[in-house]
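Input: a single structure, listed below in structure tokens.
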Amino acid sequence: MDYSYTIIDANAATSLQLQSQLQEYPDLRYSGTVSNCTDGLNQILKFSPDLVLVNLTNNASKCFQMVVELHQYLPTLPLMIGVSKTETHAYKAIKNGFFDYWLLPHNEFEIRKTILKLRKQEPQEVAPTKLCLKTYRDYHYIDTNDILYLKADNNATDFYMKDGSKVSAYKTLKSFEESLPDNFIRIHQSYILNTDYVSRINYGKSTCTLNTTEDHLPFSKSYKERVDLLKKRLSKNTIASLK
């Protein structure tokens with residue numbers, strides 16, 4: 001996600017230094033500098049930056065008043081970062097909802113921590129869980145969370161569902177292997193299973209058992225490494241291993 005930022009700073013030297021240091025971050029886009037909070041208010045209302053970096057060393061009261069005024073005009077305020085030579089204004093900055101507070105001279109480490117904190121609060125994309133099975137002019141949508149396993153049937157694939165139903169698709173098992181989420185693994189030439197439903201791995205019989213149907217799916221030697229990785233993953237989520 002890209003962020004636009006505006007600098008409010010009467011000191012040209014510190015403003016240029018900050019702008020130079022922020023060039024390191026390609027997701028930050030510079031949208032201008034103004035020298036006082038009156039012009040800053042106009043700049044924010046005009047360009048709607050995501051971040052406002054404001055030097056509070058001089059005329060801090062006017063800058064805090066600017067933040068109060070912004071509430072009258074904007075439903076959501078930009079993230080404010082206060083900058084000052086001392087910690088004098090830190091408490092009031094926090095009370096006014098500032099995202100962070102930096103001490104001058106600008107410190108590369110502190111800037112980096114703030115940018116990482118900013119990125120961390122970005123909403124995470126939710127991976128799609130719907131799979132579309134298309135047959136001629138028929139589109140069948142199924143939720144991958146409801147799939148227990150897939151079984152090859154010549155050039156078709158059968159989907160065995162959590163509710164006991166079976167859905168057939170006229171594509172090979174291999175065609176679905178790469179498009180399914182990471183919790184699906186191939187354990188046999190004829191089977192792909194949803195690891196979320198595995199309740200038992202029996203190496204003696206070379207089978208995986210599912211906890212909803214007690215189906216025993218065979219795994220072959222050529223896919224044993226994948227089963228070993230599955231065992232390790234499942235073991236990490238257990239309370240204890242009893243012999």
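Just so you know, this note's numbering puts the end of the sequence shown at 243, numbered straight through with nothing missing.
Glycine included, every Cβ here is placed at the ideal spot set by N, Cα and C.
These numbers come from a predicted model, not from an experiment.
>> For G40 and L51, I'd like the C-alpha separation in whole angstroms.
In response: Working through the sequence shown from its first residue, we reach residue 40 at position 40. Working through the sequence shown from its first residue, we reach residue 51 at position 51. Near 12 Å, if we compare the C-alpha coordinates of L51 and G40.
> So N55 packs on A10, CB below 8 Å; how close in whole Å?
Replying inline: Residue numbering aside, residue 55 sits at position 55 when the sequence shown is read from its first letter. Residue numbering aside, residue 10 sits at position 10 when the sequence shown is read from its first letter. Indeed they touch by this definition, with Cβ atoms about 7 Å apart.
> Roughly how many angstroms separate the alpha carbons of V68 and G32, rounded to a whole number?
Replying inline: By one-based count along the sequence shown, residue 68 stands at place 68. By one-based count along the sequence shown, residue 32 stands at place 32. Going from the Cα of V68 to the Cα of G32 covers about 22 Å.
> When the distance is taken between beta carbons, is F219 closer than 8 Å to I192?
Replying inline: By 1-based counting over the sequence shown, the position of residue 192 is 192. By 1-based counting over the sequence shown, the position of residue 219 is 219. No. Outside cutoff.
> If you compare alpha carbons, which of F98, N96 and T86 is closest to H106?
Replying inline: Looking up residue 106 in the sequence shown gives position 106. Of the listed residues, the one whose Cα sits closest to H106 is T86.
> Could you give the distance in angstroms between the alpha-carbon of N211 and the alpha-carbon of R137?
Replying inline: Working through the sequence shown from its first residue, we reach residue 211 at position 211. Working through the sequence shown from its first residue, we reach residue 137 at position 137. If you take the alpha carbons of N211 and R137, they lie about 35 Å apart.
>> I'd like the span of the beta strand (DSSP E) that includes T135, first residue to last.
In response: Taking the first residue of the sequence shown as position 1, residue 135 is located at position 135. Taken as a continuous stretch (DSSP letters only), the beta strand (DSSP E) holding T135 covers K130 to T135.
> Going straight from the alpha carbon of I115 to that of F99, what length do you get?
Replying inline: Locating residue 115 in the sequence shown gives position 115, where the first residue counts as 1. Locating residue 99 in the sequence shown gives position 99, where the first residue counts as 1. In a straight line, the C-alpha of I115 is about 11 Å away from that of F99.
> How many angstroms separate the CA atom of K231 from the CA atom of T195?
Replying inline: To locate residue 231, count along the sequence shown from 1; it is residue 231. To locate residue 195, count along the sequence shown from 1; it is residue 195. Answer to the nearest angstrom: the Cα atoms are 10 Å apart.
> In terms of residues, what are the limits of the beta strand (DSSP E) holding F184?
Replying inline: Stepping through the sequence shown from its first residue, residue 184 is reached at position 184. First-last of the beta strand (DSSP E) with F184: F184 to H188.
> Of the residues T88, L118, N145 and Y73, which one's Cα is nearest the Cα of M80?
Replying inline: The residue labelled residue 80 in the question sits at position 80 within the sequence shown. It is L118 whose Cα lies nearest to the Cα of M80.
>> According to DSSP, is G97 part of a helix, a strand, or is it coil?
In response: For the purposes of this step, residue 97 is taken as residue 97 along the sequence shown, with counting starting at 1. Correct three-state label for G97: coil.
> Apart from the five residues just before and just after L22, which ones in its own chain have a Cβ nearer than 6 Å to its Cβ?
Replying inline: As a working note, residue 22 is residue 22 in the sequence shown. Counting only Cβ-Cβ distances below 6 Å, and skipping sequence neighbours, we find L28.
>> Could you tell me the alpha carbon to alpha carbon distance between T76 and K46, rounded to whole angstroms?
In response: Within the sequence shown, the letter at position 76 stands for residue 76. Within the sequence shown, the letter at position 46 stands for residue 46. When rounded, the distance between both Cα atoms is 14 Å.
> If you drop the 5 nearest sequence neighbours on each side, which residues of the same chain put their C-beta closer than 8 Å to that of I142?
Replying inline: If you number the sequence shown from 1, residue 142 lands on position 142. Counting only Cβ-Cβ distances below 8 Å, and skipping sequence neighbours, we find K130, L131, L133, F159, M161 and V167.
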